[in-house]
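Chains A and B supply the protein sequences, listed in that same order. If you're matching positions, the first sequence starts at 1 in this note's numbering and goes up one per residue. If you're matching positions, the second sequence starts at 148 in this note's numbering and goes up one per residue. The beta-carbon is built from N, C-alpha and C at its ideal position, and this holds for glycine as well.
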Amino acid sequence: MKKFDLELAVGFFLLIGIICLGYISIKLGKLEVIGGEYYTLYADFAKAGGIKPGSGVEIAGVEVGRVKSIRLDKDYAALVGLEINSDVKIQEDAIASIKTKGLIGERYVEITPGGSDKILGNGGKIRDTESAIDIEELLSKYVFGKV
Amino acid sequence: MTGLLRMVGSGALSVLRKMGHMLIFLVQSLSYAFIPPFKFRILLREIQFIGTKSMTVIVLMGSFTGMVLALQGFHLLRKVGSEALLGPAVALPLIRELGPVLSALTITGRAGSALTAEIGIMRISEQIDALTAMALNPMRYLIVPKMFAAIIAFPLLTAIYDVVGIYGGYFVGVKLLGLSSGTYFSQMEHFLEMEDIRIGIYKSLTFGILVLWVCCYKGFYTGYGAEGVSKATTEAVVMSSVLILIADYFLGTLFI
């Protein structure tokens with residue numbers, strides 16, 4: 001009978017454990033292990049309510065990046081930084097709009113591609129934006145009439 | 148009247164003295180953790196004892212926890228017509244709360260009690276004194292490797308518990324109750340953030356140190372004879388379990 005192999009048993013446990021830890025952090029936690037495959041675009045929104053760092057960025061319903069930062073710009077607009085997959089090209093006349101998934105779902109940024117030949121590079125700015133639709137405001141307009 | 152006051156006072160003092168004693172034990176063992184020589188071979192043996200040997204029971208408990216969550220969650224969610232949220236309903240509580248807490252409780256029952264009994268018997272059969280007499284530091288030989296093994300093993304066991312639980316929930320929700328498999332996983336990915344997983348890992352690390360601290364302390368300063376060891380083991384398991392649940396609540400308020 002062979003002696004009990006301590007190293008093998010420990011190695012087996014560590015391997016299984018690390019695979020599980022990796023699975024939940026990368027697949028479910030969306031941890032980015034390999035950096036550098038993103039570039040950053042900026043967009044000014046009049047109202048960025050509802051989106052937060054980590055919210056999705058989509059083109060035609062396909063996720064192509066995430067929201068990286070949100071801060072106040074000089075002219076009191078919300079400057080939103082978007083991390084976009086480097087293999088997705090975005091034209092300078094593309095439109096960024098904040099949309100809602102379903103009626104009460106979470107907010108995300110939808111980019112509608114433009115027709116220009118000029119492609120935005122790292123640090124570029126999307127000029128055309130559409131702010132979040134405030135459902136409460138719409139409802140109150142409908143209920144109380146325009147003042 | 149003064150007798151009653153004196154009783155309250157002496158009780159409080161003895162509780163404080165015990166707490167201080169425990170803290171000094173922890174600080175001492177941790178301070179030896181950073182002074183070479185390190186005992187890697189013993190560390191491996193302890194990881195094997197706490198980690199590898201706990202895997203079977205962790206897998207068993209994880210799969211059934213996930214299955215129960217899916218079963219109950221499905222029937223609750225069906226009443227409000229949102230079965231689609233079954234994935235996050237299984238994964239979120241599993242990763243944030245149940246995974247760390249239940250796996251820590253399981254490991255306490257399986258490995259913590261055994262550690263207390265082992266150290267306690269070494270104490271009453273004077274093996275610890277023998278180590279000291281041979282100028283071998285018992286902290287370095289007995290406590291530090293166990294602590295490090297727990298710090299390594301607890302998060303990994305929790306991760307195994309989470310993954311197995313998620314697939315247990317998948318089995319019940321998708322295979323038995325007829326949810327679509329895409330819904331289960333995509334909703335889960337949509338709702339879970341790295342934040343949730345980090346909280347789970349922090350919790351399991353905390354519980355690992357807590358359990359090992361209590362179990363090693365109780366064994367190291369056990370009472371006399373077989374009765375003393377049995378009492379120390381019971382105390383260690385009860386105290387660890389209670390502390391796990393208390394710490395879980397306070398960590399929950401801290402991270403919410």
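{"Item": "C-alpha gap between S395 of chain B and G29 of chain A, whole angstroms", "Value": "Before going further, note that residue 395 of chain B is Asp rather than Ser in the sequence given. Using only the alpha carbons, I get a separation of about 21 Å."}
{"Item": "Residue from B:Y317, B:Q195 and B:A373 with nearest C-alpha to R271 of chain B", "Value": "Reading off the sequence, residue 271 of chain B comes out as Ile, not Arg. Comparing Cα-Cα distances from I271 of chain B to each of B:Y317, B:Q195 and B:A373, the minimum goes to B:A373."}
{"Item": "Inter-stretch contact at 8 Å, needing at least 3 Cβ pairs: the stretch 161-176 of chain B / the stretch 74-88 of chain A", "Value": "no"}
{"Item": "G320 of chain B versus B:R225, B:L152 and B:M386, residue with shortest Cα-Cα distance", "Value": "B:R225"}
{"Item": "Limits of the alpha helix (DSSP H) - the one that L6 of chain A falls within", "Value": "L6 to G22"}
{"Item": "Proximal residues to V204 of chain B (C-beta, below 7 Å), its chain only, five neighbours per side dropped", "Value": "T253 and R257"}
{"Item": "For V57 of chain A, the first and last residue of its enclosing beta strand (DSSP E)", "Value": "G56 to I59"}
{"Item": "Contacts that Q195 of chain B makes with chain A (C-beta to C-beta distance below 8 Å)", "Value": "L6, A9, V10 and F13"}
{"Item": "For V389 of chain B: DSSP bridge partner residues", "Value": "DSSP lists no partner for V389 of chain B."}
{"Item": "Chain A contact for D395 of chain B (CB, 7 Å cutoff)", "Value": "no"}
{"Item": "Under the three-state DSSP convention, the category K322 of chain B falls into", "Value": "helix"}
{"Item": "Interface residues of chain B facing Y192 of chain A [CB-CB closer than 7 Å]", "Value": "It is not possible to answer for residue 192 of chain A, since the shown part of chain A is limited to 1 through 147."}
{"Item": "Per-residue contacts from K27 of chain A into chain B (C-beta, under 8 Å)", "Value": "E336"}
{"Item": "Simplified DSSP state of K125 of chain A, which is helix, strand or coil", "Value": "strand"}
{"Item": "Start-end ranges of the alpha helix (DSSP H) lying completely within the stretch 155-208 of chain B, minimum 4 residues", "Value": "187-197"}
{"Item": "Simplified DSSP state of T381 of chain B, which is helix, strand or coil", "Value": "helix"}
{"Item": "T263 of chain B and G370 of chain B closer than 7 Å at C-beta", "Value": "no"}
{"Item": "Own chain partners of G65 of chain A with C-beta closer than 7 Å, once the 5 adjacent residues on each side are dropped", "Value": "Y38, V57, L82, E83, I84 and N85"}
{"Item": "Neighbour-count burial assignment, E230 of chain B, 16 or more Cβ in a 10 Å radius", "Value": "buried"}
{"Item": "Every unbroken alpha helix (DSSP H) within the stretch 220-308 of chain B, with a cutoff of 4 residues, ordered by chain", "Value": "233-240, 246-254, 260-271 and 274-280"}
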